[in-house]
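Input: a single structure, listed below in structure tokens.
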Amino acid sequence: MPKKRLLLVRHGKTEWNGLSRFQGKSDVPLNDEGKCQAELLAARLEAWQPDALFSSPLSRARETAETLASRNPGISPVLLEELSEIGFGSWEGRSIHEIESADPESFRRWKDSPFDYPPPGGESFASVESRVRSALGEILSKGGERIVVVSHGGILRAMLALLLDLPLRPVWKMKIANCSVTGIDVGRKGTSLAFLNDDLHARMSGAEPEKLLFPV
29 MPKKRLLLVR HGKTEWNGLS RFQGKSDVPL NDEGKCQAEL LAARLEAWQP DALFSSPLSR
89 ARETAETLAS RNPGISPVLL EELSEIGFGS WEGRSIHEIE SADPESFRRW KDSPFDYPPP
149 GGESFASVES RVRSALGEIL SKGGERIVVV SHGGILRAML ALLLDLPLRP VWKMKIANCS
209 VTGIDVGRKG TSLAFLNDDL HARMSGAEPE KLLFPV
């Protein structure tokens with residue numbers, strides 16, 4: 029199997045991100061900042077020349093993927109339901125402060141052990157792991173050698189844990205910023221992390237994103 033590089037992209041920023049609200053499967057679109065982040069990343073990706081693009085169907089991810097495709101005309105987003113964010117049940121649309129005030133016991137249990145205690149009406153990690161594994165199988169079998177995957181913080185962490193054969197608990201604490209890119213190499217000799225949470229295109233004021241190359 030020739031070496032494949034996966035670029036795992038978190039969607040651009042939304043209003044709920046700015047308000048620290050749980051989004052989950054709620055279909056929240058990008059805000060103006062998120063649209064700008066996606067445009068900057070699209071310019072940066074142009075030099076990399078991806079040959080496959082997969083995305084969650086939720087608006088914030090789909091809009092990000094469509095923007096990436098607009099600067100890379102050889103690809104179009106393939107939408108996979110399995111890449112949708114973890115379902116947070118009755119917590120969706122509410123801030124951490126609101127949840128903590130209304131249901132302190134459930135929130136404490138989830139915060140201490142999110143893998144054992146899903147939010148009320150939310151999705152279990154067994155379900156998340158199963159669908160992420162399914163998505164990875166399709167992506168690696170159908171994608172080319174330069175693959176972009178646009179999804180959500182929770183799903184990308186689960187994907188990292190599966191690809192790198194790591195326990196989910198430490199991976200869950202990793203920072204994955206809006207519109208950041210994490211590089212994973214998959215080949216005959218195994219899978220390795222190339223870089224993590226690269227969002228230089230969004231943070232460097234006045235930078236020319238097309239000149240910001242990804243690590244080899």
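The numbering used here numbers the first residue of the sequence shown as 29 and each following residue consecutively. Note that CB positions come from ideal geometry on N, CA and C, so glycine has one too.
Test: residue i CB closer than 8 Å to a CB of chain D
i     : result
Gly46 : No chain D is present in this structure, which holds just one protein chain.
Spatially closest choice to residue i from the options, by CA coordinates
i      : options                           : result
Gly171 : Val209, Ser104, Tyr145 and Gly150 : Ser104
Glu236 : Lys31, Asn59 and Arg72            : Arg72
Arg231 : Arg159, Leu224 and Ser208         : Ser208
Tyr145 : Gly117, His180 and Thr210         : Gly117
Val214 : Ser129, Asn206 and Asp193         : Asp193
Met202 : Val56, Arg38 and Leu240           : Arg38
Ala80  : Pro57, Arg88 and Pro101           : Pro101
Ser48  : Leu35, Asp55, Pro195 and Gly121   : Gly121
His180 : Arg197, Thr210, Pro195 and Pro198 : Thr210
Pro147 : Leu224, Gly165, His229 and Ile114 : Ile114
Leu35  : Phe223, Leu240 and Leu228         : Phe223
Ser152 : Ala130, Gly165, Gly182 and Pro243 : Gly182
Asn59  : Glu43, Pro198, Gly165 and Leu228  : Glu43
Leu164 : Met187, Val178, Ser155 and Ala154 : Met187
Phe242 : Phe50, Glu74 and Gln51            : Glu74
Beta-carbon contacts of residue i that lie in its chain and below 7 Å, excluding the five residues immediately before and after
i      : result
Leu107 : Ser83, Pro85 and Arg90
Glu109 : Pro85
Own chain, CB closer than 6 Å to residue i, minus 5 neighbours either side, in chain order
i      : result
Glu61  : Lys41
Ile124 : Ser48
Phe135 : Ile127 and Glu128
Chain-order list of residues whose beta-carbon lies under 8 Å from that of residue i (same chain, five-residue window excluded)
i      : result
Lys32  : Leu168, Gly171, Gly172, Glu173, Arg174, Ile175, Asp213, Val214 and Gly215
Thr219 : Leu191, Leu192, Asp193, Ile212 and Asp213
Residue i - DSSP class collapsed to helix/strand/coil
i      : result
Asp60  : helix
Gly46  : helix
Ala222 : strand
Lys32  : strand
Can you give, in chain order, each stretch of the beta strand (DSSP E) that sits fully within the segment 161–215 and has at least 3 residues? 174–179 and 209–215
Counting only runs of 4+ residues fully inside the segment 79–146, write out the alpha helix (DSSP H) ranges in chain order. 87–98, 124–130 and 132–140
Is it a yes or a no for the segment 92–99 touching the segment 58–74, going by three-plus beta-carbon pairs under 8 Å? yes
Would you be able to state if there are at least three C-beta pairs under 8 Å between the segment 157–165 and the segment 109–120? yes
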